[in-house]
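Residue numbers (the numbering used here): 2 to 612.
In what follows, a structure is listed as structure tokens, so that the remarks can point back to it.
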């Protein structure tokens, strides 16, 4: 294809009135080709600023339509759609290219409903009409439905290759996307969105540094390139957790949120940026959650945004909310194979904590993961968890986990599960040996082992061996390593609760207070961190005011935390404030659903708060 001449904005100032129509056509041509959009904007603005009498209605419509496309690519879809709608009546039925641009502009702006209206008016023949309908689904964010619709379209059509490639990248099926994108690049050359998509493929399948250079060039040259800033942020994230890379990723992704008509992906990646900063930046945990929630709201038609939010809620220890989300997601098509496995693990943990029965759907979730093509090792670990919860099939799980560890000795999760199976089989010595061996099983390419979880598992075994002091010290060592390893919040909380429970029972109050103080420094906006610190202050007999401040902070962050409310009642009762104690205990009783815990609260009320 012969390249079109570059836009020369000065032409609008120097050409005679007879040539203004040609200038409008030039702007429209470059808009159709999605090239030189900065020049298109400048040229169109100059034409539209002229006396309307200088241009005919058709030429004005062409200039407005060209400017509308730039609005859309600049992240201003409302302005673009408004200009296009105003230009539409002046586009004659024979003006096919301009009318088709109005249709495509609606799709690129994400207004699938408007695109369907124009499709009906234009009378587009098949198979183009089917392709437009598939594009409409993609514009709405329904990637899976779009791919299904595209599968019924002619696979040799250039636009099918274009849309398939873009849709597969949105689904993060990068290896599958590349052949389609390569074909689209050949058949529809110069499409900057295809260049961006191909660079995003390189981020995940090739050299991230190469992708960064490519995307930096696109973002600098094509300020209006869709997804360029999302791809650039994604590439910076792939380079690692270096603070400079994270800052650059944040800047690029923030720009993407401002510019893109469908910014769910950029929002999700901003959540990842802040998640990597947690334990280092006080507000990082809350910021990450806020971005994941925005991504889930913006990308409702693609389950992976809600899956990411649910996974983060699990990490934060918000199990009830995460389980509810995962239950809903498990019924949807197109979910990740890990989703039913995450639901299984969460439900089993809840049942264990509450002394409740194993969920009846457990086997169904496991079967769903198999049907979705879950990783074989992940299935081995999931079956082991289920067998441990049931207390059956332990011999088989032991054998399966042993095979997995022979293949992947660095699999810490599998090693800890295998040790728990041995504990269930009453072979504590073998369980301890297995955990200790893990300290020397480094993953290929790494010099060190992430030992935090291994120390915690060792502490759990030591408790079974009635070695309480060693158990607490192992848990304390594990906690410090978990912080360095940036492990999830829920693991930090569990480690501190496990260790401080032992320290407080053995009157080692300074050790307990030291751990809980470190926890509140690492997680200053987490209610359970302050609850654990308040409990350490309370049990150590420290100033009632200090314990009151800590537990009040916990309830400020999490007003419906039942355990924090119960502790607040104890703190108030010790301080002689029976009125407050009765009020917060009544609230705790309203929220608590487990009868043994309700009975404990009622007994405390009878003994300490009775009239």
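Even glycine gets a Cβ: it sits at the ideal position worked out from N, Cα and C.
With a minimum length of 4 residues, the unbroken runs of alpha helix (DSSP H) contained wholly in the segment 166 to 204 fall at 175 to 188. For residue 402 and residue 201, the gap between their C-alpha atoms comes out near 36 Å. In the three-state reduction of the DSSP assignment, residue 465 falls in the helix class. Judged by beta-carbon spacing, residue 198 lies within the 9 Å limit of residue 166, meaning their Cβ atoms are closer than that value. Taken through DSSP and simplified to helix, strand or coil, residue 404 comes out as helix.
Counting every other CB atom within 10 Å of its CB across the protein chains shown gives residue 109 a total of 16 or more, marking it as buried.
By the 16-neighbour rule on beta-carbons within 10 angstroms, residue 138 is buried. The Cβ atoms of residue 333 and residue 304 sit closer than 9 Å to each other.
In this structure, DSSP gives residue 110 a state outside helix and strand, which the three-state scheme calls coil. In this structure residue 102 touches residue 66 by the C-beta definition: roughly 6 Å separates them, less than 8 Å. Closest by C-alpha distance to residue 313, out of 81, 356, 501 and 288, is 288. Rounded to whole angstroms, the Cβ separation of residue 318 and residue 490 is 6 Å, and the two are in contact under 8 Å. If you draw a straight line from the Cα of residue 223 to the Cα of residue 75, it comes to about 10 Å. Judged by their CB atoms, residue 462 and residue 420 are nearer to each other than the 9 Å cut-off.
DSSP places residue 26 in the uninterrupted alpha helix (DSSP H) bounded by 21 to 34.
For residue 499, the three-state secondary structure derived from DSSP is helix.
DSSP places residue 152 inside the alpha helix (DSSP H), whose first and last residues are 144 to 152. In the three-state reduction of the DSSP assignment, residue 281 falls in the coil class. Here the segment 415 to 434 lies against the segment 383 to 399, with 3 or more beta-carbon pairs under 8 Å apart.
If you look at residue 388, you'll find it in the alpha helix (DSSP H) that goes 377 to 391. By the neighbour-count criterion, in which a residue is buried when 16 or more other Cβ atoms sit within 10 angstroms of its Cβ, residue 367 is buried.
When secondary structure is reduced to three states using DSSP, residue 235 falls in the helix class. With a threshold of 16 other beta carbon atoms within 10 Å, residue 480 meets it and is buried.
DSSP places residue 566 inside the alpha helix (DSSP H), whose first and last residues are 563 to 575. Our two residues, residue 295 and residue 273, have alpha carbons roughly 13 Å apart in a direct line. Around the beta carbon of residue 23, a 10 Å sphere encloses fewer than 16 other beta carbons of the protein chains shown; the residue is thus reported as exposed. Annotation: residue 195 to residue 212 spans about 14 Å, alpha carbon to alpha carbon. Annotation for residue 544: no alpha helix (DSSP H) segment contains it, and DSSP assigns it neither H nor E. Burial of residue 258 is indicated by the presence of at least 16 other C-beta atoms within 10 angstroms of its C-beta. DSSP places residue 77 in the coil class of the three-state scheme, outside both helix and strand. With contacts defined by Cβ atoms closer than 9 Å, residue 327 and residue 344 form a contacting pair.
With a beta-carbon spacing of about 11 Å, residue 558 and residue 286 fall beyond the 8 Å limit used to define contacts.
With a beta-carbon spacing of about 15 Å, residue 302 and residue 112 fall beyond the 8 Å limit used to define contacts. The continuous alpha helix (DSSP H) containing residue 606 extends over residues 596 to 609. With three or more CB-CB distances shorter than 8 Å, the segment 498 to 515 counts as touching the segment 531 to 539.
From the listed residues 68, 51, 63 and 49, the smallest Cα separation to residue 37 is found for 68.
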